[in-house]
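A short worksheet on the structure shown next.
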Amino acid sequence: MPRTYPPTPDFPDDGGAERAVWEALREQLPDEAVVCHGAHLQEGDQEYEIDLLVAWPGVGVAAIEVKGGHIERADGAWYQGSGPARHRIDPVAQVQGSRHALQALLHERGELASRSRTAHLVAFPHRYVSGGWDSLDLPRDMLIGRDDLERSGGVAEHVKHAVERHGQGYEPLDHAAVDGLVDVIAGGFPSQSEHLTRALEHETRLEQMTRDQVRILDALSQVRRMRVLGGAGSGKTYLALEQARRRTRAGERVALLCYSRGLGRYFQRITATWPRRERPAYVGLFHDLPVSWGAAGGRDDDPDYWERHLPLELGRLAGERAPEELFDAVVVDEAQDFGDLWWPSLLRCLRDAECGGVYAFLDDAQRLFPRDGQVPLELTPVTLDENLRSTKQIAQVFGSLSPAVVKPRGLDGPPVRLVDVPADEALDAADDAVEALLDEGWDPGDVVLLATGRRHPEQVNEVELGGHAAYWDAFFAQQDVFYGHVLGFKGLERPVVVLAVNGIRDVERARKMLYTGLSRARTLLVVVGDRSWIEEVGGEAVRKRLEKAEAWRPAV
233 MPRTYPPTPD FPDDGGAERA VWEALREQLP DEAVVCHGAH LQEGDQEYEI
283 DLLVAWPGVG VAAIEVKGGH IERADGAWYQ GSGPARHRID PVAQVQGSRH
333 ALQALLHERG ELASRSRTAH LVAFPHRYVS GGWDSLDLPR DMLIGRDDLE
383 RSGGVAEHVK HAVERHGQGY EPLDHAAVDG LVDVIAGGFP SQSEHLTRAL
433 EHETRLEQMT RDQVRILDAL SQVRRMRVLG GAGSGKTYLA LEQARRRTRA
483 GERVALLCYS RGLGRYFQRI TATWPRRERP AYVGLFHDLP VSWGAAGGRD
533 DDPDYWERHL PLELGRLAGE RAPEELFDAV VVDEAQDFGD LWWPSLLRCL
583 RDAECGGVYA FLDDAQRLFP RDGQVPLELT PVTLDENLRS TKQIAQVFGS
633 LSPAVVKPRG LDGPPVRLVD VPADEALDAA DDAVEALLDE GWDPGDVVLL
683 ATGRRHPEQV NEVELGGHAA YWDAFFAQQD VFYGHVLGFK GLERPVVVLA
733 VNGIRDVERA RKMLYTGLSR ARTLLVVVGD RSWIEEVGGE AVRKRLEKAE
783 AWRPAV
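Note that the sequence shown ends on residue 788 in the working numbering; no numbers are left out.
Dropping the structure here:
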C-alpha cells in the first residue's frame, strides 16, 4: 500500500468521485509510491490545486484532475451536469496549469523531481469511456473512466502508461526525488507536521517488514508442531493468522484461538475479509469453543468456572464430537495465557492426536495472569528476536525490561515522552496528554490511553453501555481515542499510546505489566506516572533508557 498524504483525506461532496480514484490508487500502487490528495500550490498570485498527485519511483509523477457526475464533450468544449445544472468546465486546462505550476515550483527549489517525467490526466469516475474515444487535448490514454476503475489494476496501469508515453522530463523518478517532492507537497498541508510524516513512513516500513516474516512459514511448511517464541512487536500475531490461513487453504479444518477478547475480535474481523476457502473453521476465544459445543454459561465473577470447569468441559465435549467436527490443526496466539488444564482439553479437539497440527505463538515476558501453562508436547522451537513494530526509541525502552535480546528494526522516531506525576494523578495527567496530542494534529483514531491499575472511567462506561462486542468494534473503527487496560490489550497496538501507570495490583508481575504496556505503541509513546517507581521496577537498564526520554508537561 502506498503512502498517502494526508492519511485520511477530507473528500469533497462530489458523489464520491475523488474518493473512488484515491481508493483505486491506494489499492493498486506499490508500497514505494506516494499519493497526495488536495495538493495546494502558489505560483505568484495564482493558486492551484491538484486533486490527486502520484509520485511513483521508477516511473514518474502524475497530476490528476477528477470530475464527478455526468460529463460530456460538445462543440469542442467540456460540460458537467445535465439540465439547468449543466455548466461548462475545462478540466484539461486546470490540470495542465497545475502541472506546470508544480514543475516550476520544484525547479525553483532545486528538487530532483523537477527533472522527472511528469504527466497530467483527467478522471471521470462516473462516466464510461470507450476504448476508441479520443480528442486533440485529451488522448484516451490520459483519461481515466469508469471502465478503468472497474478493471483490476486499471487505474495504476493507466497512470503508468500516461507518464511513460506523455510525461515531460527526461528521467524516471528515484526514491530521493520522491522524498523531496513529499517534503514540498506535505508541507502544504496545515494539519501535517514532521512527526506525522515520519509516522506514515514508519507504518509503511512496518507493513513491509511484517510481510517479510512469512518466509519463516515457507521454511517450516512441513513442520506440524511448532512453538514460536518472540518478544512484543516481532510479528507473532501476523504469523499466527497467516499459518491458520495457509493450513485452511491446504484443505485442513483449523481452529484459531486466543484468550483476550480484543485479540479474539481482531481475529474474527480479519478472517472475515478472507475468501471462504481460507477462513478457519473456528476463530475466537478458547472459552467460547466449549460454549459453542453446548457447555453451560457461567458468571464473570466465578474464576473456578473459567479456569477449571470450562476447560474440562471442552475435553469432555470433544470426546463426544464426530470426527468431522474436530480439527486437523490448532493455532494459538498469546499462548502464554493458557493454563495447564486448557492444553490437554484443546489437544483432544484434534482429529489425529499423534500428527495433528499444533502451532503455539507466545512471549514469556507477557505472562500477566496467574497461570503458567505449558504445552504437554514436544514442539519445534522457533525464535523471533527482532522488533518490527515500534520505532527504535520505543523498542529500546521496553526491550530493557525483557530477559531476551531485542533487536530494534524500526525507523528512528520521536523520543519517548515522560510525564512524571504520582500514580494517583496519572489518569488525569494522561487525559491532559491525550488532549495535547490531538492539538498537535494526531488523529483521534491513532491514540489509545492504557491504564495499569483501575480502569479509565471512559472504558467502564463504554463496556457497561454497549457491551464488550461494541466496545471492541469501536476500537477497530479507529474513529476516536480508545480507552483500555494493559491486561486486555495484549496482541494489539496503536501508533500512539499514552500509558497511565496508575498502580499495579499484582506487584510481583509489575515488570511484565510495564513491558506489555510500553510495547503497545508503534510511533510515539507517552509514559505518565511516578518516574522513580518505574525506574525501581525496571532497574538500571530502564533508568538509562528513560534518561533519553523527553520530560513533558502537556499544556491544555
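All C-beta atoms, glycine included, are put in the ideal place defined by N, C-alpha and C. Computed from a prediction, not measured in an experiment: that's the story for all the values here.
At what residues does the alpha helix (DSSP H) containing residue i begin and finish?
i: Thr-503; result: 493-503
i: Thr-612; result: Per DSSP, Thr-612 belongs to no alpha helix (DSSP H); it is in the beta strand (DSSP E), 612-616.
i: Thr-236; result: Counting along the chain, Thr-236 falls outside any alpha helix (DSSP H), though it belongs to the beta strand (DSSP E) covering 235-237.
i: Trp-832; result: Look at the range of the chain in this structure, 233 to 788, and you will see that residue 832 is not part of it.
i: Trp-574; result: 574-579
i: Ala-661; result: 658-672
i: Asp-329; result: The sequence shown places Gly at residue 329, not Asp. From DSSP, the alpha helix (DSSP H) with Gly-329 extends over 323-340.
i: Gln-628; result: 624-631
i: Ala-550; result: 542-552
i: Gly-516; result: Taken as a continuous stretch (DSSP letters only), Gly-516 belongs to no alpha helix (DSSP H), being part of the beta strand (DSSP E) at 514-517.
i: Ala-256; result: 249-260
Output needed for residue i: all residues of its chain with C-beta closer than 7 Å, excluding positions within five of it in sequence on either side, in chain order.
i: Ala-627; result: Gly-465, Asn-619, Val-638, Pro-640 and Gly-642
i: Glu-510; result: Arg-477, Thr-480 and Arg-481
i: Tyr-360; result: Gly-377, Arg-378 and Asp-379
i: Pro-323; result: Glu-297, Lys-299, Trp-310 and Val-354
i: Gln-328; result: His-352
Out of the options, which has the shortest C-alpha to C-alpha gap to residue i?
i: Trp-506; options: Arg-478, Ser-492 and Ala-528; result: Arg-478
i: Gly-516; options: Val-486, Arg-531 and Arg-481; result: Val-486
i: Arg-646; options: Thr-755, Val-666 and Gly-412; result: It is Pro, not Arg, that sits at residue 646 in the sequence shown. Ranking Thr-755, Val-666 and Gly-412 by Cα distance to Pro-646 puts Thr-755 first.
i: Ala-661; options: Thr-748, Ala-561 and Asp-762; result: Asp-762
i: Arg-447; options: Gly-292, Leu-471, Pro-241 and Val-324; result: Leu-471
i: Asp-411; options: Phe-559, Thr-236 and Lys-776; result: Thr-236
i: Ala-528; options: Tyr-514, Asp-283 and Leu-544; result: Leu-544
i: Ala-658; options: Leu-697, Gly-735, Val-695 and Glu-586; result: Gly-735
i: Asp-520; options: Leu-616, Glu-474, Trp-574 and Glu-556; result: Trp-574
i: Ala-409; options: Lys-392, Leu-370, Thr-350 and Ser-362; result: Thr-350
i: Asp-307; options: Glu-281, Ser-367 and Gln-691; result: Ser-367
i: Ala-336; options: His-407, Gly-401 and Thr-469; result: Gly-401
i: Arg-454; options: Ala-513, Gly-588 and Glu-552; result: Reading off the sequence, residue 454 comes out as Gln, not Arg. It is Gly-588.
i: Phe-518; options: Asp-536, Gly-496, Ala-504 and Glu-259; result: Gly-496
i: Leu-579; options: Arg-397, Asp-671, Ala-597 and Asp-560; result: Asp-560
i: His-269; options: Arg-258, Asp-738 and Glu-275; result: Arg-258
Excluding five sequence neighbours on each side, which residues of the same chain lie with their C-beta closer than 6 Å to the C-beta of residue i?
i: Ala-355; result: Val-253, Ile-296, Val-298 and Ile-376
i: Glu-264; result: Pro-289
i: Trp-784; result: Arg-649 and Val-651
i: Ala-592; result: Arg-459, Val-564, Ala-567 and Val-607
i: Gln-326; result: Glu-297
i: Ser-632; result: Ala-773, Val-774 and Arg-777
Beta strand (DSSP E) containing residue i: first to last residue?
i: Val-563; result: 561-564
i: Glu-304; result: 303-306
i: Tyr-591; result: 589-594
i: Pro-727; result: 726-732
i: Glu-281; result: 278-288
i: Glu-297; result: 292-298
i: Thr-684; result: Premise fails: Thr-684 is in no beta strand (DSSP E) and is neither H nor E.
i: Tyr-703; result: Not the beta strand (DSSP E): Tyr-703 falls in the alpha helix (DSSP H), residues 689-709.
i: Gln-312; result: 309-312
i: Glu-275; result: 266-275
Going straight from the alpha carbon of residue i to that of residue j, what length do you get?
i: Ala-655; j: Asp-664; result: 15 Å
i: Arg-320; j: Gln-312; result: 6 Å
i: Gln-711; j: Leu-609; result: 43 Å
i: Gly-247; j: Arg-341; result: 37 Å
i: Asp-245; j: Arg-621; result: 36 Å
i: Gly-374; j: Val-728; result: A small correction: the amino acid at residue 374 is Met; Gly does not occupy that position in the sequence shown. Rounded to the nearest angstrom, the two C-alpha atoms are 41 Å apart.
i: Phe-526; j: Gln-475; result: It should be pointed out that residue 526 corresponds to Gly in this sequence rather than to Phe. The straight-line gap from Cα to Cα measures roughly 28 Å.
i: Phe-421; j: Val-267; result: Note that Phe-421 scores 42 on pLDDT, short of 50, meaning its location in the model is unreliable; the coordinates nonetheless yield the value given after this. Their backbone Cα atoms lie some 13 Å apart in a straight line.
i: Glu-779; j: Gly-463; result: 23 Å
i: Lys-468; j: Gly-716; result: 22 Å
i: Ala-513; j: Cys-581; result: 12 Å
i: His-393; j: Arg-372; result: 11 Å
i: Ala-702; j: Ile-502; result: 16 Å
i: Leu-542; j: Ile-417; result: 58 Å
i: Arg-553; j: Leu-488; result: 18 Å
Looking only at its own chain, which residues have a Cβ that is under 8 Å from the Cβ of residue i, when we skip the five neighbours before and after it?
i: Val-666; result: Val-679, Leu-681, Val-713 and Val-730
i: Gly-483; result: none
i: Ala-781; result: Val-629, Pro-647, Val-648, Arg-649, Leu-650 and Val-759
i: Glu-449; result: Note on residue identity: the sequence assigns Leu, not Glu, to residue 449. Once the five neighbours on either side are set aside, the close Cβ partners of Leu-449 are Leu-471, Glu-474, Gln-475 and Arg-478.
i: His-339; result: Ser-346
Does residue i come within less than 8 Å of chain C when only Cβ atoms are used?
i: Gln-500; result: Looking at the structure shown, chain C is missing, and only one protein chain is on hand.
Check your understanding: Should the stretch 763-782 be called in touch with the stretch 737-753, which here means at least 3 C-beta pairs below 8 Å?
Key -> yes
**Study point:** the stretch 721-739 in contact with the stretch 487-502 per 3-pair CB rule at 8 Å
**Key:** yes
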